[in-house]
Amino acid sequence: DYLCKPVDLRRLERAISEVLKPEILDDPVEAVRSAPRSKNQPELIFCSTKMKQIQQVALQIANARVPVLIEGESGVGKDIIARIIHSNSRVANKPFVKVNCAALPAELTESELFGYQRGAFTGATSDRPGKFEFANGGTIFLDEIGEFSPSVQAKLLQVLQDGRFTRLGSNTEIRVNVRIIAATNRKLDEAITRGNFREDLYYRLNVVSIDVPPLRERREEIPVLAQYFLNKYTAEYRTSAQPIPPDLMEIFMAFRWPGNVRELENVIRRYVVLQDADGIRAELENRLSKQMGGQIEALAESYIHDNPESVDLKEVSRRAAFMVERNMIIKTLRKTSWNKWRAAKELRVSYKTLLTKIEQYEIKPSPY
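Quick note, in our numbering, the sequence shown goes up one by one and the last residue is 477.
Here it is, written out as structure tokens:
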């Protein structure tokens, strides 16, 4: 851009704003922090390469109407992927019916999914449609499909094959046009080997497979998600909350999050409600220490597995010592707000030694 003399100050201000705008939006945390709160805001923000790829696949298959199998640990956001697929399809205005298979009692699963006829069992005083009929024309999301019994699996296979089923207690076939998206936190191939899951059903479901990684494998999303949930719950509870302190964010980045995104969301909700950064910090640091102990145990087991004939105790000790040393350096640096002189003094090593260790272990402060 250019300016003509005499300089128009308003035009100059607009030009500067346009230059600065991309820099702000390049920071995903700032983009979330400054975004207007809206009921139509997407459920989650994806900024890691892996999750962007998954989102792209979800958009690509949205209109294909093929079955989809979403795999991943509990709390990673499998239901969000299912909703992205549905909301970007041609049937976005049709029903999206979510079924939590793990929460259904085994004896009620069939009637909940496929409905029942009057008199099918004691208490069935009238006809009742099931989830598949409610989802007709749209999408049914079967969360934790690995929990289904063999009889329910057989009936689901029939729906996948020809779109037909019968209500419990009836011989009349019902036709439905439903897209099936299934999700599981189990290893279904292992369930097949054990005889707990039908192989033919697995291949019918697995036309498109999406594997959602745990949060610990996409740590770059932690600050973005934390800011998103901070925005969400301050708006929902009509309150205000201080920005997440840098030292607490450092702990967020180091923590393994066994409950994944759902666990992070609950921690941020607690932060908004209680304004208790110190309590959250203490709890996560304690759990982080236990996680480190578990990692050392896993290290030993891994070494024994890789070296079944002989165990070099010195090598195991060396690796464990490196792990503990790295963890102690990180914790001390956080404690001293990354003041390396103070950290070296607390660790009783020279400043030069600490710098060498930081480089050796590739320790870097969180950019957030």
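Where a beta carbon is used, it is the ideal one built from N, C-alpha and C, also for glycine.
Residue i versus residue j - alpha carbon distance
i: Gly239; j: Lys161; result: 35 Å
i: Lys399; j: Ile360; result: 14 Å
i: Ile472; j: Glu455; result: 17 Å
i: Val370; j: Asn395; result: 20 Å
i: Gly272; j: Asn286; result: 6 Å
i: Thr302; j: Gly186; result: 27 Å
i: Ile193; j: Lys449; result: 45 Å
i: Trp366; j: Thr158; result: 19 Å
i: Lys461; j: Asp356; result: 24 Å
i: Gln226; j: Asp236; result: 5 Å
i: Ala391; j: Gln351; result: 18 Å
Own chain residues within Cβ distance below 7 Å of residue i, not counting five before or after
i: Phe243; result: Pro204, Val206
i: Pro354; result: Ala386
i: Asp320; result: Glu180, Gly181
i: Ile439; result: Ala363, Ile472
i: Leu129; result: For Leu129, the predicted structure reports a pLDDT of 43, less than 50, and the residue's modelled location is therefore unreliable. A value from the coordinates is still provided. Cβ within range, chain order: n/a, list empty.
i: Ser459; result: Ala453
i: Gly228; result: Gly278
i: Glu308; result: Ile301
Cut-off 8 Å between Cβ atoms - residues of its own chain near residue i, not counting five sequence neighbours on either side
i: Asp188; result: Lys207, Phe250, Asp252, Ala292
i: Arg457; result: none
i: Leu464; result: Lys449
Nearest to residue i (by Cα), restricted to the options the options
i: Thr275; options: Ser220, Lys296, Glu180, Ile319; result: Ser220
i: Lys341; options: Asn375, Lys159, Arg273, Ser258; result: Asn375
i: Leu297; options: Ile254, Asp356, Phe338, Asn197; result: Ile254
i: Asn212; options: Phe257, Ala300, Arg390; result: Looking at the sequence shown, residue 212 is not Asn but Ala. With distances taken between Cα atoms, Ala212 lies closest to Phe257.
i: Met358; options: Gln351, Pro332, Ser196; result: Pro332
i: Cys156; options: Ala452, Glu330, Asp309; result: Glu330
i: Gly368; options: Asn294, Asp356, Gln384, Val381; result: Asn294
i: Phe241; options: Phe223, Thr441, Arg227; result: Phe223
i: Gly246; options: Pro259, Leu217, Gln262, Arg199; result: Arg199
i: Val382; options: Ser349, Leu217, Ala453, Ile190; result: Ser349
i: Ser260; options: Ala215, Leu373, Glu372, Gly388; result: Ala215
i: Lys444; options: Phe431, Gly228, Pro474, Asn305; result: Pro474
i: Ala201; options: Ala391, Cys210, Ala191; result: Ala191
i: Gln262; options: Leu393, Leu310, Arg379, Gln384; result: Leu310
i: Leu397; options: Trp447, Pro322, Val433; result: Val433
i: Ser183; options: Pro322, Tyr380, Gln270, Leu217; result: Pro322
Residues near residue i by beta carbon distance below 6 Å, same chain, minus five either side
i: Arg435; result: Tyr470
i: Arg288; result: Arg174, Thr248
i: Val177; result: Ile290, Val317
Start and end residues, beta strand (DSSP E) containing residue i
i: Ala173; result: Premise fails: Ala173 is in no beta strand (DSSP E) and is neither H nor E.
i: Ser318; result: 317–320
i: Thr293; result: 288–293
i: Val177; result: 177–180
i: Thr218; result: Premise fails: Thr218 lies in the alpha helix (DSSP H), 215–223, not in any beta strand (DSSP E).
Where the alpha helix (DSSP H) through residue i begins and ends
i: Ala363; result: 355–363
i: Arg379; result: 369–383
i: Thr248; result: Unbroken run through Thr248 is the beta strand (DSSP E), 248–252; no alpha helix (DSSP H).
i: Ile189; result: 187–196
i: Phe243; result: 240–243
i: Arg313; result: 308–314
Near the ligand GDP: residue i beta-carbon under 7 Å from a heavy atom
i: Phe250; result: The ligand GDP is not part of this structure, which contains no ligands at all.
C-beta neighbour in chain C for residue i, strict 8 Å
i: Phe223; result: Here chain C cannot be found, since the structure has a single protein chain.
Below 8 Å, how does it come out for the region 273–285 and the region 166–177: are there three or more Cβ pairs, yes or no? no
Looking at C-beta atoms only, is the number of pairs between the region 309–326 and the region 220–234 that lie closer than 8 Å three or more? The region 309–326, when compared against the region 220–234, does not touch it at the 8 Å Cβ threshold.
Any contact between the region 253–270 and the region 315–324? By contact I mean 3 or more CB pairs, one from each, below 8 Å. no
For the pair the region 338–355 and the region 169–188, tell me if three or more CB-CB distances fall below 8 Å. no
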